[in-house]
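The numbering of the sequence shown is our numbering, which starts it at 24 and goes up by one.
Glycine included, C-beta positions come from ideal geometry on N, C-alpha and C.
Structure, as structure tokens:
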Amino acid sequence: MEAYEYVVKNNQNETEKGLMWGDSEQEIAIRLKRDGYKIYRISLQNEKKKHKWNHTMVVDVTYQLGLLIESGVPLRRALQLLCQGKRGLLYTALYESIERGQTLSQALRSEGCPPIALALLESGEAAGTLGESLQYISRHYDWERQLKQKVISAISYPLFLLLMMNIFFLVTILFIIPSFEKVFTTMHITLPLMTRALFALGQGLKSHPLMVIAIHCVVIGSLAFAYKQHSIKCKVHRWLWLLAHRYQWSTCVYYTSMLKVWALLLDSGISIIQTMNITRPLWGNIYGVECSKQVEARLLSGHSLEESLRSGQIGNAFIWQMVSIGEESGELVKMLNHCGYYYESILSKYIARLERLLEPILLTIMGIGVAVLVVSVMYPLFTSIANLGGQ
24 MEAYEYVVKN NQNETEKGLM WGDSEQEIAI RLKRDGYKIY RISLQNEKKK HKWNHTMVVD
84 VTYQLGLLIE SGVPLRRALQ LLCQGKRGLL YTALYESIER GQTLSQALRS EGCPPIALAL
144 LESGEAAGTL GESLQYISRH YDWERQLKQK VISAISYPLF LLLMMNIFFL VTILFIIPSF
204 EKVFTTMHIT LPLMTRALFA LGQGLKSHPL MVIAIHCVVI GSLAFAYKQH SIKCKVHRWL
264 WLLAHRYQWS TCVYYTSMLK VWALLLDSGI SIIQTMNITR PLWGNIYGVE CSKQVEARLL
324 SGHSLEESLR SGQIGNAFIW QMVSIGEESG ELVKMLNHCG YYYESILSKY IARLERLLEP
384 ILLTIMGIGV AVLVVSVMYP LFTSIANLGG Q
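Below is the structure:
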């Protein structure tokens, strides 16, 4: 189904423009003629807005729809009410799809909705708890958004400080240091190695800026090209994956969200095998995806989840033990949630520690850099003044 722009005249001979969804231009023409319009132009919308399904959008859409449906508003009426709002184009497309007999999950799939949300929604549609499932999705994606914001807020200020520090050193080397170089040249003194290196760096940056930029571009381009090679990318991803088994902070990064997603899907009635299949792309790691395929194959051959995870190198001893207890007691969802909350608390501690340490570390580096600049310039200056005084 596509969006078509139209220009028509109504019974009062007034020109009207609008947007209508349909499978073909002929269908749009039939619908407009049926409503008594005289058609001037119908054209396919060339630049269809791409819906960017980030966490914020998923939370907004599912929360609004879930709230209206749980309040007793029918789905079609809820979509009509939301068509006039901020995401009117999306809600209009959903409404048109629902009118054609599709379910909400099918309509959202055609608009590119994330697979986790779709799986939970399909489960809710089958159980007759659509509004509750939408609220469930909203809460989960809101939790993921808050977790992501914690990490971003922890590194945003240090990154800003690092940027300002680089700008300061660049301005100093390009515009301030050269004035001292002229003074030392007129004094005819032998400069220390550190001072000469600093002057040479400033002169090189000022004389050949394009060459410096070209060198940086070549280096960055070479690294990007090397990373895109499948063999190198696999090695890097495997190394990152193995870090999760050695260091707790890396374990938290990989498993905090995934454990909660597993629990969420299993709790909604989705099978373990389907859960593994749905969440496979979420690893963001080629080696992790291959391990997930191995786990799925082991599950299909009749092995338990704990055995499959251990064999597929997903998780660690703590996760395997908790999964084993959950399978034996019938409380697998509860155990996965416990693991998720445990690693979430540890991740929060690491984020807080990162916030405390990054700023003083960067300030220390800045202090050392300023000290190097001052010593490089002032030491030969004071030495020459002392020599002149001794004469």
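Is DSSP giving residue 13 helix, strand or coil here?
What is shown of the chain runs 24 to 414, which leaves residue 13 out entirely.
Put residue 402 into one of helix, strand or coil per three-state DSSP.
helix
Return the first residue and the last residue of the beta strand (DSSP E) that residue 64 is part of.
61-67
Would residue 345 be called buried (16 or more neighbouring beta carbons within 10 Å of its own) or exposed?
buried
Excluding the 5 residues flanking residue 204 on each side, which residues of the same chain have their C-beta closer than 7 Å to its C-beta?
222
My guess is that residue 118 and residue 103 are in contact by the Cβ rule of under 8 Å, so how many angstroms apart are they, rounded?
Between residue 103 and residue 118 the Cβ distance is about 6 Å, and since that is below 8 Å, they are a contact.
At 4 residues or longer, what runs of the alpha helix (DSSP H) sit wholly inside the segment 74-130?
Taking 4 residues as the minimum length, the alpha helix (DSSP H) runs contained wholly in the segment 74-130 are 78-93, 98-105, 111-122, in order along the chain.
Entirely within the segment 125-213 and at least 4 residues each: give me those alpha helix (DSSP H) ranges in chain order.
127-133, 138-150, 153-194, 200-210
Going by DSSP, which residues form a beta bridge with residue 39?
31
Can you list, in chain order, the residues of its chain with a C-beta nearer than 6 Å to that of residue 93? Leave out the 5 residues immediately preceding and following it.
Same-chain partners within the cutoff: 154.
Exposed or buried, which one is residue 382 when buried takes at least 16 other CB atoms within 10 Å?
Exposed.
So, are the CB atoms of residue 113 and residue 121 less than 8 Å apart?
no
Does DSSP put residue 361 in a helix, a strand or coil?
Residue 361 falls in the helix class under three-state DSSP.
Does the pairing of the segment 181-194 with the segment 362-374 give three or more beta-carbon distances under 8 Å?
no
Indicate the three-state DSSP secondary structure (helix, strand or coil) for residue 295 in the structure shown.
helix
Put residue 236 into one of helix, strand or coil per three-state DSSP.
Correct three-state label for residue 236: helix.
Keeping to the same chain, check which residues put their C-beta closer than 6 Å to that of residue 133; ignore five residues upstream and five downstream.
none
Counting only the same chain and skipping the five closest in sequence on each side, list residues whose C-beta sits under 6 Å from that of residue 163.
287
I'd like to know whether the C-beta atoms of residue 161 and residue 291 end up nearer to each other than 8 Å.
no
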